[in-house]
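Before any comments, here is the structure.
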Amino acid sequence: MISNNKICISNNWQYFNENESNKVTINIPHNNVNVPYSYFDEKIYQIISYYEKNINIENDKKRIFLKFDGVMTAFTLYVNGKKLSEQRGGYIPHSIEITDYVKVGENKIFVEVDSTERNDIPPFGYVVDYLTFGGIYRDVWKYELDNTFIKNLFFKYEILEHNGTYGKVKCMPIIQVDCLNDENIDIIYNILNNKVDTNINVKKGVNRYNLNEIIIENVELWSIENPKMNLCNVTLISDTSKDNASINVGFRDLKILHNGIFINNEKIKLMGLNRHQSFPYVGYAMPKRVQEEDAIILKEELGLNTVRCSHYPQSTYFLDKCDNIGLLVLEEIPGWQHISKDESWRNQVLDDVKAMIERDYNHPSIITWGVRINESGDDEELYTKTNNLAKELDDTRLTSGVRCYEGSQLLEGIYTMNDFVHNGGEDILRNRKTCTNLDYSVPYMVTEFCGHIYPTKKIDCEEKLVEHALRHARVQSCCKLDDEILGAIGWCAFDYNTHFDFGSGDRICYHGVMDMFRMPKFASYVYKSQKDIKKEVVLEPLTYWSRGEKQMGIVFPIYVFTNCNSIELKLNNISKGIFKREKQNLDEKLSGLNNPPIVINTINGEWGASWTDAEFIGYDENNNIVGSKKFCASVTYEDIKVDMYSNELYCDRLDATRISVKAIDKEGNILPFISDSIDIEVYGDIEVIGLNRLNFIGGSIAFWVKSKVLNNKSTAAIKIKSFYGYEKKLEINLI
6 MISNNKICIS NNWQYFNENE SNKVTINIPH NNVNVPYSYF DEKIYQIISY YEKNINIEND
66 KKRIFLKFDG VMTAFTLYVN GKKLSEQRGG YIPHSIEITD YVKVGENKIF VEVDSTERND
126 IPPFGYVVDY LTFGGIYRDV WKYELDNTFI KNLFFKYEIL EHNGTYGKVK CMPIIQVDCL
186 NDENIDIIYN ILNNKVDTNI NVKKGVNRYN LNEIIIENVE LWSIENPKMN LCNVTLISDT
246 SKDNASINVG FRDLKILHNG IFINNEKIKL MGLNRHQSFP YVGYAMPKRV QEEDAIILKE
306 ELGLNTVRCS HYPQSTYFLD KCDNIGLLVL EEIPGWQHIS KDESWRNQVL DDVKAMIERD
366 YNHPSIITWG VRINESGDDE ELYTKTNNLA KELDDTRLTS GVRCYEGSQL LEGIYTMNDF
426 VHNGGEDILR NRKTCTNLDY SVPYMVTEFC GHIYPTKKID CEEKLVEHAL RHARVQSCCK
486 LDDEILGAIG WCAFDYNTHF DFGSGDRICY HGVMDMFRMP KFASYVYKSQ KDIKKEVVLE
546 PLTYWSRGEK QMGIVFPIYV FTNCNSIELK LNNISKGIFK REKQNLDEKL SGLNNPPIVI
606 NTINGEWGAS WTDAEFIGYD ENNNIVGSKK FCASVTYEDI KVDMYSNELY CDRLDATRIS
666 VKAIDKEGNI LPFISDSIDI EVYGDIEVIG LNRLNFIGGS IAFWVKSKVL NNKSTAAIKI
726 KSFYGYEKKL EINLI
């Protein structure tokens, strides 16, 4: 539902569960049980829980709806004691009309949430390599609408001609109207100062209607470098009803062919990572700002151009941010390998396809719909239906379906493949023909690599962290050199909690290029270093600069992931030479990267000799110094470095932001083996999400703070103190 006549009712619910009968006041997003960071039984959140709230109805002439953006995994709504039908599916929105169950004045809403792993709902039925945390974890809305209203708008368009930046666009909107009775209505939509007024006869029920076409000249196009969004306003007027809605639209010319993805005729090689929407302690239950921050990390910090929403539709707040910053998205239905024969389960798959596309149709960042269960086998009956349904709902995008074995039946427009062939040996990626078993060319994309083949913890030794980075680099390089591969999306962005069947035995898969707290491992620098140096200088030597961390006391070679043109190495302030990306020094397996790492290989004294300081100095193509990274010979713990994503939080809703803490030496380098901890104290109307005492993991840690939702504009404070006495204070404005 997209009507503007809505109110967010996520604040001040009463909550209790089958194990604890005492009611507590909570705000949504909410996780039914706080989970430990590791070593917990996932069954602790697989329970029945209850949410209740009183809502006020002022006008008995309106149609009243409740919309739940995300409830894991199924729920039953009761209104004033009357039971409504169960809603199934934890990753899709559910809109429920409650008009016949409410009265003017106060009304009691009661929600029974089933967060068990039910065999009649995907992704369940067998084992699943991720957790599906329980609760009402996305926002809840109340709609008060007239008899006839705008249920959805699908802003279909065609780029007739363009020069790459501006184009001529034919708009062909499709409106979905919910109407109690046959009626004649006026529809007015306005975009880019172009106003269209049309009259249509609508029939009782929920139906779609094509609106009048309109040609708009000189439209600024959406691209990953210039993600231009435009506001479209729509108004519905009849004798009995009036409604309005607003959506954001980005116009881009998208073509996906066997030889590339083209946006506005510019060929884009996809370079991305997979994302799970989970976080420490609260699982899925993070608010808008945190969802947006994840998109910012992926695009602006790591420099990716693509993310895969594995393995389910993710927050609209995350997708909105992808639209606004130019991060391409592969979105897919919930599931993991298992296909059930149960009719109810299979029908839910189709419901998921429909709900995903109807919810997210207007996002320009989304380039394909994933309509197969991740890594599942062939099922011609089911996947013919999912593909046909997707094409019926949206004929502007190709479908895809992620598989993990060769020769899978191709019913989709893109053959998407999880390719884990690279285990450190010579084989890096299989070619298109090998994976598809097809003698003709089709669009082909790698949607996972690395991951479980080489799980790497942030606390692992330097050599393993380096090899982890090199494996990501080799695959991305190989992909860049192969014109038959549209791009490669690594597994994965962030470590994540999982079932006991997987991971390291502690309920964590350490597959990310960042840890669960969004703190970087060496592998993240592979992606970061591919940025344009004009946007940000990246200079990241993959070393702890210590004799004795690597086998045999060897320090070199050192891979420097950088977008600098050359690197000068100084030891004890004496230059050891300038190192460039010359062919003879370049690792052939990394040559396809836009910015292959610069390999520095020299000798820094024999075992037992005195150790020295080091400095890596970065030069641009004009031999100007643009960056420097120094390492101490004698490393001591000097301070903690604290960074906060936002110093503002909303006080009228649940809001949160991330704060990172690093234990550093005098040059600002992280101390990877520090055993210190931090205590967090907060003052004012904020709370720490999770624990107030945290241990550094590999020299760093992060946490989130949230607002208390008291409508109290004020200033709050955070004090972070390490066990060793280092202290920092921060302020947050509650607005």
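For the sequence shown, the tail end lands on 740 under this note's numbering, and the numbers increase by one without skipping.
In this text, a Cβ means the ideal position worked out from N, Cα and C, and glycines have one as well.
Simplified DSSP assignment, three categories, for residue i
{"i": "Arg479", "result": "helix"}
{"i": "Tyr317", "result": "coil"}
{"i": "Lys581", "result": "strand"}
{"i": "Asn393", "result": "helix"}
{"i": "Leu324", "result": "helix"}
{"i": "Asp356", "result": "helix"}
{"i": "Tyr106", "result": "helix"}
{"i": "Ala638", "result": "coil"}
{"i": "Gln19", "result": "strand"}
{"i": "Asn269", "result": "coil"}
{"i": "Ile538", "result": "coil"}
{"i": "Gln1", "result": "There is no way to answer for residue 1, as the model of the chain reaches only from 6 to 740."}
{"i": "Glu736", "result": "strand"}
{"i": "Asp432", "result": "coil"}
{"i": "Ser596", "result": "coil"}
{"i": "Ala498", "result": "coil"}
{"i": "Ile706", "result": "strand"}
Whether residue i touches residue j by CB criterion (8 Å)
{"i": "Arg143", "j": "Thr104", "result": "no"}
{"i": "Thr81", "j": "Glu23", "result": "no"}
{"i": "Leu278", "j": "Leu309", "result": "yes"}
{"i": "Phe267", "j": "Lys274", "result": "no"}
{"i": "Thr452", "j": "Arg658", "result": "no"}
{"i": "Asp248", "j": "Asn428", "result": "no"}
{"i": "Asn235", "j": "Ile192", "result": "no"}
{"i": "Phe129", "j": "Tyr50", "result": "no"}
{"i": "Ser529", "j": "Val518", "result": "yes"}
{"i": "Leu739", "j": "Ser712", "result": "yes"}
{"i": "Ser748", "j": "Asp383", "result": "Any answer about residue 748 is impossible in this case: the structure gives the chain only from 6 up to 740."}
{"i": "Ile60", "j": "Ile14", "result": "yes"}
{"i": "Gly456", "j": "Trp496", "result": "yes"}
{"i": "Asn5", "j": "Val239", "result": "Outside the displayed span of the chain (6 to 740) sits residue 5, for which this structure offers no information."}
{"i": "Val714", "j": "Val687", "result": "no"}
{"i": "Asn269", "j": "Gly169", "result": "yes"}
{"i": "Leu307", "j": "Lys359", "result": "no"}
{"i": "Thr439", "j": "Glu417", "result": "no"}
{"i": "Asp690", "j": "Cys656", "result": "yes"}
Supposed close pair residue i, residue j - CB separation, criterion 8 Å
{"i": "Leu355", "j": "Thr404", "result": "Incorrect: roughly 14 Å between the Cβ atoms, too far for contact."}
{"i": "Ile330", "j": "Ile301", "result": "7 Å"}
{"i": "Ala707", "j": "Ser651", "result": "Incorrect: roughly 14 Å between the Cβ atoms, too far for contact."}
{"i": "Ile464", "j": "Ala250", "result": "The pair is not a contact, with the Cβ atoms about 50 Å apart (cut-off 8 Å)."}
{"i": "Glu225", "j": "Lys233", "result": "5 Å"}
{"i": "Val287", "j": "Asn27", "result": "Not really, about 20 Å apart at Cβ, beyond 8 Å."}
{"i": "Glu380", "j": "Gln342", "result": "5 Å"}
{"i": "Ile622", "j": "Val565", "result": "No, Ile622 and Val565 are not in contact; Cβ-Cβ is about 11 Å, not under 8 Å."}
Nearest to residue i (by Cα), restricted to the options the options
{"i": "Asn674", "options": "Asp592, Pro546, Thr607, Lys711", "result": "Pro546"}
{"i": "Ser4", "options": "His343, Ser349, His281, Glu348", "result": "Past the edges of the chain, shown from 6 to 740, lies residue 4, and the structure says nothing about it."}
{"i": "Tyr106", "options": "Ile179, Asn85, Ile344", "result": "Asn85"}
{"i": "Lys635", "options": "Leu576, Tyr650, Ile583", "result": "Leu576"}
{"i": "Asn600", "options": "Ile126, Val239, Cys569", "result": "Cys569"}
{"i": "Lys539", "options": "Tyr445, Glu348, Asp625", "result": "Asp625"}
{"i": "Asp244", "options": "Ile691, Asn206, Asn36", "result": "Asn206"}
{"i": "Asp74", "options": "Phe154, Ile101, Ile155", "result": "Ile101"}
{"i": "Lys396", "options": "Asn442, Leu475, Trp374, Asn379", "result": "Trp374"}
{"i": "Asp65", "options": "Asp347, Ala614, Asn112", "result": "Asn112"}
{"i": "Glu298", "options": "Lys726, Tyr171, Phe425, Thr662", "result": "Thr662"}
{"i": "Ala493", "options": "Trp550, Ile433, Tyr549, Phe507", "result": "Ile433"}
{"i": "His316", "options": "Tyr135, His504, Asn627", "result": "Tyr135"}
{"i": "Lys156", "options": "Phe70, Glu380, Asp444, Gly418", "result": "Phe70"}
Pairs of beta-carbons, one from the region 681-693 and one from the region 717-734, closer than 8 Å: are there three or more? With a cut-off of 8 Å, the region 717-734 and the region 681-693 count as touching, because enough Cβ pairs lie within range.
Between the region 358-371 and the region 321-341, do three or more beta carbon pairs fall short of 8 Å? Flag = yes, the region 358-371 and the region 321-341 touch.
Take every Cβ of the region 699-706, pair it with every Cβ of the region 520-528, and state whether three or more of those distances are shorter than 8 Å. Flag = yes, the region 699-706 and the region 520-528 touch.
Should the region 657-672 be regarded as contacting the region 529-545, the criterion being three or more beta carbon pairs within less than 8 Å? The region 657-672 makes no contact with the region 529-545; the number of CB pairs closer than 8 Å stays below 3.
Touch check for the region 107-121 and the region 630-637: three-plus C-beta pairs under 8 Å? Judged by pairs of C-beta atoms under 8 Å, the region 107-121 does not touch the region 630-637, as fewer than three such pairs exist.
Using 8 Å as the cut-off, can you tell me whether the region 634-647 makes contact with the region 592-609, which would need three or more C-beta pairs spanning the two stretches below that distance? The answer is no - the region 592-609 does not touch the region 634-647, with fewer than three Cβ pairs under 8 Å.
Just checking, does the region 554-569 make contact with the region 601-608 on the three C-beta pairs under 8 Å criterion? Three or more Cβ pairs closer than 8 Å define a contact, and the region 554-569 meets that threshold against the region 601-608.
Is the region 173-182 touching the region 208-219 in the sense that three or more CB pairs, one from each, lie closer than 8 Å? Short answer: they touch.
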